[in-house]
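Accompanying notes for the structure given below.
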């Protein structure tokens, strides 16, 4: 049997997936131990004990200045910004994408505008956002929205435009109005694609979140990482990065599972 | 028999290209009209015309004596070769769609008593096409034949004045195709439908239809191939009695035909 067809058991998939991660961890530990053997005060590759110490302070002790548990307030602030940005983007992608996809007149009027916005690098707009919205939460959420919404809008619009012409004609002969066509034919078929687009946008959304937090903020995962960078505090940066990876992977998994759950027809499953 | 659909000197042109010219047709109530002709002879254009997807460049189309709007309205049902059903709805949902659109303009969904009565109607329709056991299947879980049965049920529940079939059985296996022929003949008689079917299969055209139209070009300008369009070159009304006898013979000999169709040496599907 060739490599392509060799069957894989469920448990084995997990084990195989964990294998490279384990290898990376071992490599890190070996190199870190090596460096510490030469210089016990090495800050670049901290040992797990040092990381646990540093993180313990952020997790379980109140900050002397603000009186907050920094790790949790960072996580909360970042997730709040991210979810706001993602929700606004998703909603606008759905509405604008549907209109662009279904109504040729709307597409002719606004299609070019959406393309123009989509091709501008969002980070280039960040100064404008800071000037217009100030340094508060709005600018950070706005950056995420400007960064990912145009891509999602275009993706949904393309998907809806590509619905077979036969379906539209059929719906018309069954008496569907334009509104019913959007609500009952285009919208439900755009939903699985929307989840897909959202999953693909998660990466960029995190990039924009961390960038905005790095530049102007007083709380947040990105803010913390860029703050402690000044002290070469790799014992904080590495666990934070790992935490971001866990958060991002969890959101992705939840989206994937809810997609399968909510739209079984798109995955060839029974009701 | 009154004329349900009349085409009066209809022309279809796309820019310089003349696709159909001088189409004059009177299609009476209850007819089963098969349309055949070579590729590019405007079969699809004729169908789109009656469907309201395109408007005639010249001439008039009358439905029951009134000019027909160039829009796809519920007076016309349609079954395409593919993509006729909504992949996000179950068989029941697909069949309910037409009823829901008519009764719930804003939400497109029915609830309570009205939903139950619509559902009963839809289930009855699905049973009539032989999908009584597959109410909750999505199209992706159905075979090609089942999807076409569903497409027919979905169209018929709106009780269209005219049912348009665009090579509805072209993508099916010979055996399944024979079953579908029996089904459409039965439905045509039971619901007193007026059907226009475009097909590539001449045998199918004659065995199902009460009238066979052949479209082709009568004039060709070798310097400008698009100068002249196609028109009706043959209009054969199959005698109703003969047609019915043929049907009965067809229905009784169905099993034989199905068995024969599976043979590889007999070319019963004339793909020309």
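Residue numbers (my numbering), protein chains in the order written: chain A, 148 to 418; chain B, 2 to 273.
Every residue gets a Cβ at the ideal spot worked out from N, C-alpha and C, and that includes glycine.
All values derive from a computational prediction rather than experimental measurement.
Span separating the alpha-carbon of residue i from that of residue j
i	j	result
residue 93(B)	residue 362(A)	55 Å
residue 136(B)	residue 20(B)	42 Å
residue 209(A)	residue 308(A)	54 Å
residue 243(A)	residue 329(A)	12 Å
residue 10(B)	residue 60(B)	5 Å
residue 155(A)	residue 394(A)	27 Å
residue 196(B)	residue 163(A)	59 Å
residue 128(B)	residue 228(B)	49 Å
residue 177(A)	residue 296(A)	43 Å
residue 100(B)	residue 236(A)	34 Å
residue 258(B)	residue 155(B)	Because residue 258(B) carries a pLDDT of 44, less than 50, the predicted location of this residue cannot be relied on, and the following value inherits that uncertainty. Going by the C-alpha atoms only, they are around 28 Å apart.
residue 215(B)	residue 341(A)	46 Å
residue 72(B)	residue 350(A)	45 Å
residue 83(B)	residue 313(A)	8 Å
residue 379(A)	residue 140(B)	58 Å
residue 103(B)	residue 76(B)	13 Å
residue 331(A)	residue 320(A)	14 Å
residue 372(A)	residue 365(A)	12 Å
residue 262(A)	residue 299(A)	11 Å
residue 48(B)	residue 408(A)	40 Å
residue 175(B)	residue 264(A)	53 Å
residue 182(B)	residue 42(B)	25 Å
residue 327(A)	residue 247(A)	16 Å
residue 55(B)	residue 46(B)	8 Å
residue 325(A)	residue 220(B)	42 Å
residue 25(B)	residue 249(A)	35 Å
residue 357(A)	residue 266(A)	21 Å
residue 44(B)	residue 151(B)	24 Å
Three-state secondary structure assigned by DSSP to residue i
i	result
residue 19(B)	strand
residue 34(B)	strand
residue 340(A)	helix
residue 154(A)	coil
residue 212(B)	strand
residue 69(B)	coil
residue 217(B)	strand
residue 199(B)	strand
residue 387(A)	helix
residue 59(B)	strand
residue 169(B)	coil
residue 194(A)	coil
residue 64(B)	strand
residue 251(A)	helix
residue 199(A)	helix
residue 189(A)	coil
residue 271(A)	helix
residue 382(A)	helix
residue 174(B)	coil
residue 413(A)	helix
residue 231(B)	strand
Pick from the options that is closest to residue i, judged by C-alpha positions
i	options	result
residue 207(B)	15(B), 36(B), 120(B)	36(B)
residue 112(B)	125(B), 126(B), 97(B), 124(B)	97(B)
residue 1(B)	119(B), 228(B), 198(B), 52(B)	Residue 1(B) lies beyond the residue range present for chain B, which begins at 2 and ends at 273; the question has no answer from this structure.
residue 186(B)	26(B), 33(B), 22(B)	33(B)
residue 180(B)	90(B), 30(B), 131(B), 22(B)	131(B)
residue 51(B)	38(B), 42(B), 41(B), 28(B)	28(B)
residue 217(B)	38(B), 12(B), 5(B), 16(B)	38(B)
residue 200(A)	381(A), 343(A), 348(A), 280(A)	381(A)
residue 202(A)	216(A), 192(A), 175(A)	216(A)
residue 194(B)	22(B), 178(B), 56(B), 79(B)	79(B)
residue 195(A)	173(A), 212(A), 185(A), 186(A)	173(A)
Paired residues, beta bridge with residue i - DSSP
i	result
residue 216(A)	209(A)
residue 370(A)	In the DSSP output, where bridge partners are listed per residue, residue 370(A) has none listed.
residue 24(B)	11(B)
residue 78(B)	164(B)
residue 236(B)	214(B)
residue 29(B)	4(B)
residue 222(B)	225(B)
Test: residue i CB closer than 8 Å to a CB of chain E
i	result
residue 52(B)	The chain inventory of the structure shown lacks chain E, comprising the protein chains A and B.
Proximity test, residue i beta-carbon vs the ligand FMN heavy atom, cut-off 7 Å
i	result
residue 397(A)	Absence of the ligand FMN is noted for the structure shown, with no ligands found whatsoever.
Using a Cβ-Cβ cutoff of 9 Å, what residues of the segment 66-91 of chain B are near chain A? List them in chain order. With the criterion set as a beta carbon lying under 9 Å from some beta carbon of chain A, the members of the segment 66-91 of chain B are 72, 73, 74, 75, 76, 77, 78, 79, 80, 81, 82, 83, 84, 85, 86, 87, 88, 89, 90, 91, in sequence order.
Relative to chain A, which residues along the segment 138-170 of chain B have a C-beta separation below 9 Å, given in chain order? Answer set for the segment 138-170 of chain B: 138, 139, 140, 141, 142, 152, 155, 156, 158, 159, 161, 165, 167.
Any C-beta of chain B within less than 7 Å: which residues of the segment 315-341 of chain A qualify? Residues 316, 317, 319, 320, 321, 322, 323, 324, 327, 330, 331, 332, 335, 336.
For the segment 98-128 of chain B, which residues have a beta carbon sitting closer than 7 Å to at least one beta carbon of chain A? Those would be 98, 99, 102, 103, 106, 109, in chain order.
Got a sec: which bits of the segment 200-229 of chain A sit with their beta carbon under 9 Å from any beta carbon on chain B, in order along the chain? From the segment 200-229 of chain A, no residue has a Cβ closer than 9 Å to chain B.
What residues in the segment 292-314 of chain A bring their beta carbon closer than 7 Å to a beta carbon of chain B? So the list reads 311, 313, 314, given in the order they occur along the chain.
Using a beta-carbon distance cut-off of less than 9 Å, what residues from the segment 155-180 of chain A approach chain B? Residues of the segment 155-180 of chain A whose Cβ lies closer than 9 Å to any Cβ of chain B: none.
Short-range partners of chain B found in the segment 389-410 of chain A, where Cβ spacing is below 9 Å: Against chain B - using a Cβ distance shorter than 9 Å - the residues of the segment 389-410 of chain A are 410.
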